[in-house]
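Down below is the structure, laid out as structure tokens.
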Amino acid sequence: MNSMHKVAADQQALMAVEGLSKRYQEGNDLAVEQVSFQLYTGEILALLGPSGCGKTTTLRMLAGFEHPTAGQIYLHRRDVTELPPQKRNIGIVFQDYALFPHMSLLRNVTFAMRHLPKSQQQDKAMQWLELVGLTDYAKRYPHELSGGQQQRVALARTLAAEPELVLLDEPFSNLDAALRESTRKEMRSLFKEAGTSVILVTHDQAEAMTFADKVGVMQKGRLIQMDTPQQVYQHPANAFVAKFLGHTNLLPGRALGGFAETPLGNINLHTASEGDVQLSLRPEDLELTASDNPQAARVVDREFRGHDYLYVLEQDGVQYCAITPSHNYFEVGSHVTLASARQASVLPSAGL
Amino acid sequence: MTTSAASYIYRIWGQRPPFYILIPSVVAALAMVLPLFYLFLRAFQADSGELAELILRQRNLDLLFNTLKLTLGVLVLTTLMALPTAWLVTRTDISCKRLITILAVVPLAVPGYVMAYALLGLGGHYGVFAQLFGWELPRIQGYTGAVLALSLYTFPYLFLNLRATFLGFDRSLEESAQSFGYSQRAIFFKILLPHMAPALMAGWLVIGLYVMGDFGAVALMRYEAFSYAIYTQYSSAFDRIYAAWLSLMLLALAGSFVLMETLVLKRKRLASVGSGIARPKAASKLGWKALPAWVYLAVIFLSSIGLPVMILSYWLFLSPPDLRFFLEVPGTFLRSASAALPAALVAAGFALPIAYLLVRYPSRISTAIERSTYIGYALPPLTLALAMVFFALHTAYFLYQTLALLIFTWALATLALAMGPIRSSLMQTRANLEEASFSLGHGPVSTFFHVIFPRLRRGILASIAIVFLFCMKELPITFLLAPTGYTTLAVTVFSRTSEGLMAEAAPFAAAIVIFSSLSVGMVLNREGKQ
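Quick note, the sequences are listed as chains D and X, same order.
With the UniProt record's numbering, the residue at position 102 of the first sequence is 102, and numbering never jumps.
With the UniProt record's numbering, the residue at position 244 of the second sequence is 244, and numbering never jumps.
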């Protein structure tokens with residue numbers, strides 16, 4: 001990216017984060033290390049990573065609850081790094097919602113409307129509650145609501161402050177599986193209609209990929225890769241990202257331009273390369289064909305998952321995984337040949 | 001990048017606490033150290049020859065021996081009262097458990113000096129026993145009197161600690177010992193008792209500190225312990241340097257007691273297992289042993305509750321003093337309250353930022369500040385009061401003999417007490433709520449009034465009530481610091497009893513007992529919720 005391009009991008013960015021680092025205690029490792037990214041208006045960004053990777057700390061620094069050890073946060077090109085949370089106009093929905101237990105739902109929502117005169121607050125708050133379908137509960141108290149309802153109130157309360165940016169801290173983790181998917185869909189369409197800019201923190205790769213426009217994968221405090229879900233999934237920046245976003249086969253290979261020699265034969269490469277490489281091949285990109293050859297891969301395990309099968313295969317002492325549609329099945333113990341149906345992505349050597 | 005000074009602060013604090021939390025906390029911590037400073041200042045005013053003579057006096061050793069003997073006596077007696085009672089109400093099928101528990105806490109309403117009043121009024125030629133039954137009991141005083149008065153008042157502290165531990169004890173430990181074939185008796189000594197150690201130690205610490213610092217009961221019983229000697233030294237002999245030295249010796253004694261407990265407890269905690277979710281133990285059947293158990297309980301409750309009730313009833317109803325003494329009570333009560341209430345507000349006002357600092361900004365410094373509040377609590381009250389006298393005389397003469405000094409000193413002595421309820425209600429309020437309020441655009445003041453205060457209201461009120469009740473029956477600090485003519489209920493009981501005016505003291509003692517029952521009600525309320 002040349003510098004001209006970068007300046008132009010900066011001017012449009014809603015939020016720009018530069019070299020953000022956090023060390024909780026002297027002598028400890030950095031919890032967040034040199035994180036930089038930009039977020040554009042109306043975008044939904046998911047920060048994805050295992051627990052302890054620094055994603056929540058990053059979010060808390062953006063909200064203003066933690067003071068960064070180094071780095072800057074810009075909102076509309078204004079440096080907000082030193083601003084207290086109440087002056088940032090950034091909303092946050094907490095993992096456990098943090099509804100005020102001593103206030104009714106209506107009061108919880110009007111509490112967020114400091115920018116409006118008192119006379120308008122009630123009506124406007126009812127509109128926000130209507131948006132999340134909870135007008136009937138306006139007089140109730142948080143403990144009288146189910147988890148899903150509490151979450152919707154928390155969202156309405158955050159939106160009622162009309163923030164520039166909404167932060168979501170593991171917003172779906174306290175919902176049961178059935179509710180999670182529908183809530184995710186509703187929330188995404190709500191944000192998209194309103195053009196709300198969102199940063200979401202999650203450890204659930206499926207959630208990140210379905211909910212966000214962009215996924216930033218974090219590992220040990222560093223932002224490893226940030227791109228569209230498709231790009232991050234198909235072309236992970238390293239082995240960690242490849243594995244974190246789902247099952248994958250990591251193959252050693254010897255690249256010869258457009259293809260590489262691997263234990264599974266020659267495989268075409270997404271980007272031409274030379275020399276020893278590590279390849280990532282998703283299980284759904286492996287094709288299985290029944291084989292009589294005892295030297296071919298053996299089916300070690302098979303897991304029925306409804307819409308498909310997940311196979312564990314073994315060839316020359318190495319295990320591979322493959323996903324096939326459920327009409328296409330092989331018995332455990334039978335032999336199959338493995339072939340790549342797609343170009344494999346080459347992992348940069350740093351990821352080895 | 002921030003400047004090096006700022007980053008240094010961050011390094012120590014982790015997070016930066018706002019100044020309106022930090023400043024009051026630091027002020028309170030400094031105020032805790034203040035009395036110690038003046039005590040040392042005064043003590044070292046003596047020249048070196050005098051100093052050697054003061055410190056090496058034979059009398060110091062006698063006082064040390066007497067104080068230790070008193071403390072040991074009280075600890076033994078309270079354990080003999082509290083341990084079996086706690087065991088009976090938690091581990092046996094004895095009936096009326098709730099009633100026994102209440103009765104075992106009620107003596108807290110009878111402060112040591114009122115208990116001493118009751119014991120003194122019992123025996124002797126003019127004693128209640130002689131008056132009622134024509135049979136003269138020996139006068140209870142001196143060592144026996146002091147041990148009895150203090151034990152009867154303080155054993156509930158130990159009882160409450162032990163009861164909580166018995167209730168929380170995981171029965172699987174006992175059951176596994178049973179499965180190895182150990183008898184009930186062996187299990188009690190080999191399994192239960194070692195696990196009781198932390199509760200015993202904690203109870204002993206509270207009682208031990210109280211006994212060392214107690215002044216009322218010891219002075220009324222004329223037992224030569226440190227606090228009594230400090231008092232006579234200060235009030236009659238007026239040798240203030242020697243009084244300061246005695247205070248320092250008492251302080252060293254109390255300090256080593258705290259230190260000893262901490263060392264022992266540290267090792268004990270390592271040895272004990274996590275409590276987990278404990279299932280209550282099935283009650284053991286008492287059978288015929290219920291009879292001696294009830295006799296034992298009757299003796300305890302007759303002496304700890306029956307005795308003061310009997311003596312007070314005698315002087316109030318059978319041989320009452322002149323009506324005007326009764327009429328003095330409301331005025332004295334209000335006078336006590338007029339200083340106790342401000343003290344309670346000051347203590348709670350300082351406890352709030354310190355508790356907040358401790359819970360929301362944990363760091364070594366906040367822990368140190370919190371720990372410092374215990375100085376005021378653990379300092380023997382006479383030592384604290386004397387130090388404040390020195391402070392006023394030396395630096396702030398305008399405070400000498402004023403209510404403000406009394407209020408300030410009470411607040412220092414009770415800050416640790418006030419911390420308790422506020423800290424626990426703050427711990428139940430998640431930091432998230434405040435962050436949510438901030439992110440919705442509310443500043444610290446708005447957040448405090450809308451979000452924090454409504455959650456802490458009960459805790460703050462409980463803190464105020466605890467400190468208020470404490471001050472209402474407080475004796476030694478009041479005695480030394482109250483302005484001339486400012487007499488409280490406690491001071492009146494003390495001075496009249498020491499002059500032998502038992503009838504004239506009775507209405508005031510009764511008022512204290514009735515009022516203190518409120519604090520007992522609060523303790524019971526809290527216990528009931530557990």
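For glycine and all other residues, C-beta sits at the position ideal for the given N, C-alpha and C.
is_contact[residue i, chain X] using C-beta, thresh 7 Å
i: A54(D); result: Here the sequence assigns Gly to residue 54(D), which means Ala is not the residue at that position. For G54(D), the answer is no, since every Cβ of chain X falls outside 7 Å of its Cβ.
i: I323(D); result: no
i: residue 378(D); result: This structure leaves residue 378(D) out entirely; chain D is present only between 1 and 352.
i: residue 359(D); result: Because chain D here runs from 1 to 352, residue 359(D) falls outside it and cannot be looked at.
i: H143(D); result: no
i: F65(D); result: yes
i: A138(D); result: no
i: F94(D); result: yes
i: A161(D); result: yes
i: A98(D); result: yes
i: S36(D); result: no
i: H327(D); result: no
i: residue 384(D); result: Outside the displayed range of chain D (1 to 352) lies residue 384(D), so it cannot be described from this structure.
Min CB distance residue i to chain D below 7 Å
i: H394(X); result: no
i: S439(X); result: yes
i: I354(X); result: no
i: I277(X); result: A caution first: I277(X) carries a pLDDT of 45, below 50, which makes its placement in the model unreliable, though a value can still be read off. Answer no: the Cβ-Cβ gap between I277(X) and chain D never drops below 7 Å.
i: G443(X); result: yes
i: L433(X); result: yes
i: A411(X); result: no
i: V273(X); result: With a pLDDT of 41 at V273(X), under the threshold of 50, the modelled position of this residue cannot be trusted; read the value that follows with caution. Closer than 7 Å: no.
i: I422(X); result: no
i: A436(X); result: yes
i: Y20(X); result: no
i: L270(X); result: Interpretation of L270(X) is limited by its pLDDT of 39, a score under 50 that renders its predicted location unreliable; the figure taken from the coordinates is listed afterwards. L270(X) does not count as touching chain D.
Residue(s) in a DSSP beta bridge with residue i
i: F37(D); result: V17(D)
i: E303(D); result: L310(D)
i: C53(D); result: Looking at the DSSP assignment, C53(D) forms no beta bridge with any residue, so it has no partner.
i: I199(D); result: L45(D) and L167(D)
i: Y233(D); result: According to DSSP, which records beta bridges pairwise, Y233(D) is partnered with nothing at all.
i: S280(D); result: L250(D) and S345(D)
i: T409(X); result: BP columns for T409(X) are empty, so no partner.
i: N525(X); result: DSSP lists no partner for N525(X).
Counting pairs of Cβ atoms below 8 Å between the segment 173-181 of chain D and the segment 121-130 of chain D, do you hit three or more? no
Pair every Cβ in the segment 477-489 of chain X with every Cβ in the segment 374-390 of chain X, then say whether three or more of these pairs are closer than 8 Å. yes
Name the residues in the segment 258-292 of chain D whose C-beta lies less than 7 Å from a C-beta of chain X; which are they? none
Which parts of the segment 94-173 of chain X are runs of the alpha helix (DSSP H), unbroken and 4 residues or longer, counting only runs that do not cross its ends? 97-105, 112-122, 128-133 and 142-168
Near-chain D residues of the segment 447-469 of chain X - C-beta to any C-beta below 9 Å: T447, H450, V451, P454 and R455
Does the segment 62-77 of chain D touch the segment 10-24 of chain D, meaning 3 or more C-beta pairs lie closer than 8 Å? yes
Interfacial residues, the segment 109-124 of chain D to chain X, with Cβ spacing under 8 Å: F111, A112, R114 and H115
Residues of the segment 354-374 of chain X whose Cβ lies closer than 7 Å to any Cβ of chain D, in chain order: none
Sufficient close CB pairs (3 or more, under 8 Å) joining the segment 304-311 of chain X to the segment 432-439 of chain X: no
What residue ranges within the segment 462-518 of chain X form continuous alpha helix (DSSP H) runs of no fewer than 4 residues, ordered along the chain? 476-481 and 489-498
Taking Cβ-Cβ distances below 8 Å as the criterion, which residues of the segment 75-86 of chain D are in contact with chain X? P84, P85 and Q86
Would you list, in sequence order, the uninterrupted alpha helix (DSSP H) runs of no fewer than 4 residues that lie entirely inside the segment 131-172 of chain D? 147-160
Quick check: the segment 464-479 of chain X against the segment 391-410 of chain X, are there 3 or more CB pairs under 8 Å? yes
I'd like to know if the segment 142-154 of chain X and the segment 65-81 of chain X are in contact, where contact means that at least 3 CB-CB pairs between them fall below 8 Å. yes
What alpha helix (DSSP H) runs, 4 residues minimum, are completely inside the segment 75-138 of chain D? 105-110 and 118-131
Do the segment 195-206 of chain X and the segment 346-360 of chain X make contact, defined as three or more Cβ pairs closer than 8 Å? no
Sufficient close CB pairs (3 or more, under 8 Å) joining the segment 176-193 of chain D to the segment 216-224 of chain D: no
Segment contact flag, the segment 86-102 of chain X with the segment 160-171 of chain X, C-beta cutoff 8 Å, min 3 pairs: yes
Kindly provide the ranges of any alpha helix (DSSP H) runs that are 4 or more residues long and lie completely inside the segment 434-460 of chain X, ordered along the chain. 444-447
Touching by the beta-carbon criterion (3+ pairs, under 8 Å), the segment 440-457 of chain X and the segment 103-123 of chain D: yes
Meets three-Cβ-pair contact criterion under 8 Å: the segment 313-322 of chain X and the segment 502-509 of chain X: yes
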